[in-house]
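Asker: Here you go, one structure.
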Amino acid sequence: MNDNSDRMVKMNESKTPEQKITCACPRGHKLRGGPELIGRQVRCPRCRDVFSFGYAIRESVSDTAVLRLLGDAPAPPPEPKSAVRARPCNKCGHAISPEATVCQHCNCYVGQLDTFFQQLHRSKPNPN
54 MNDNSDRMVK
64 MNESKTPEQK
74 ITCACPRGHK
84 LRGGPELIGR
94 QVRCPRCRDV
104 FSFGYAIRES
114 VSDTAVLRLL
124 GDAPAPPPEP
134 KSAVRARPCN
144 KCGHAISPEA
154 TVCQHCNCYV
164 GQLDTFFQQL
174 HRSKPNPN
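Those letters in the sequence shown? Residues 54 to 181, per the working numbering, in order.
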């Protein structure tokens, strides 16, 4: 070896086997070494490339892990219903649909004649 042999370390010469860091060479081979190798020039045992030992490779996060991190989110509130117009029944006062012809509560006829009489009453001139 040349002058760089002092600075180069073989990957299996880690002094603390209990602390291993996973790193990748420039060609993508995964290598493990101790924290004392960070920043030092090392040679990949597979492709023989020399590179600076660096950051740890983190495994990609799975969908299940993301869901565990987020936890149970509350359900979104239901969308508000559109405002339904209603009119009171002339006999019992319960709210009924404007299209209804019979009140479902008292079975009173509330169809088109009721609307006709209201319009007639409004258009009638006041005798006073």
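Glycine is no exception: its CB is placed at the ideal position from the N, C-alpha and C atoms.
Helix, strand or coil for Arg85 per DSSP?
Answerer: Within the sequence shown, residue 85 is the residue found at index 32, counting from 1. In this structure, Arg85 counts as strand in the three-state DSSP scheme.
Asker: Cutting at 6 Å between CB atoms, please list the residues of its own chain near Gln157, excluding the five before and the five after it.
Answerer: Here residue 157 corresponds to residue number 104 of the sequence shown, with the count starting at 1. Contacts found: none.
Asker: If we call anything under 8 Å between Cβ atoms a contact, is Asp116 one with Arg80?
Answerer: Position 63 of the sequence shown, counted from the start, is the residue given in the question as residue 116. Position 27 of the sequence shown, counted from the start, is the residue given in the question as residue 80. No, the pair does not count as a contact, with Cβ atoms beyond the cut-off.
Asker: Quick one: residues in its chain with C-beta nearer than 8 Å to the C-beta of Cys161, no 5 flanking neighbours on either side, listed in chain order?
Answerer: In the sequence shown, counting from the first residue as 1, residue 161 sits at position 108. Cβ within range, chain order: Cys142, Asn143, Lys144, Cys145, Val155.
Asker: Is it buried or exposed, Cys100, if we count other Cβ atoms within 10 angstroms and call 16 or more buried?
Answerer: Counting from 1 along the sequence shown, the entry for residue 100 is found at position 47. Exposed.
Asker: So, for Lys83: in the same chain, excluding its five sequence neighbours on each side, which residues have a beta-carbon less than 8 Å away from its beta-carbon?
Answerer: Walking along the sequence shown from the start, residue 83 turns up at place 30. Here the set comprises Thr75, Cys76, Ala77, Ile110.
Asker: Helix, strand or coil for Thr154? Go by DSSP, reduced to three states.
Answerer: Taking the sequence shown and counting its residues from 1, the one referred to as residue 154 is at position 101. Coil at Thr154, not helix or strand.
Asker: Can you give me the Cβ contacts of Ser150 inside the same chain, cut-off strictly under 7 Å, excluding the 5 residues immediately before and after it?
Answerer: For this step, residue 150 is matched to residue 97 along the sequence shown. Ala139.
Asker: Go ahead and label Gln171 buried or exposed: buried means 16 or more other beta carbons lie within 10 angstroms of its beta carbon, across all protein chains shown.
Answerer: Start at 1 with the first residue of the sequence shown, and residue 171 comes out as number 118. Exposed, by the Cβ-count rule.
Asker: Determine the DSSP secondary structure at Arg175, reduced to helix, strand or coil.
Answerer: Within the sequence shown, residue 175 is the residue found at index 122, counting from 1. Arg175: helix per DSSP, three-state reduction.
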